[in-house]
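Numbering (the working numbering), first residue to last: 186 to 270.
Shown next, in structure tokens, is the structure this report addresses.
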């Protein structure tokens, strides 16, 4: 549900070349998925452990990356706290 909205937001600054931007995003995500999938596939030992480990590790990396890229934000009307508060 989130991916189409993220792709649309990423293509906002390149409005005139949105088709090219969509192709680049699609190619990068497919290549990245294939690379990460091959890493998991190489660890297959007949159990689901590599798959579950991959979900956990890549999910945690994705969550940390999103939090790091978003950075600390303040909503409208939220002032920074002071020492006198």
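Cβ atoms here follow ideal geometry from the backbone N, Cα and C, with glycine treated the same way.
In the displayed model, residue 225 falls within a helix according to three-state DSSP. Bounds of the alpha helix (DSSP H) holding residue 245 are 234-255. Between the beta-carbon of residue 221 and that of residue 240 there is about 11 Å, and that puts the pair past the 8 Å contact cut.
Distance between residue 206 and residue 229, taken at the CA atoms: about 35 Å.
Counting only residues of its own chain and dropping the five nearest sequence neighbours on each side, residue 203 has a CB closer than 6 Å to the CB of 196.
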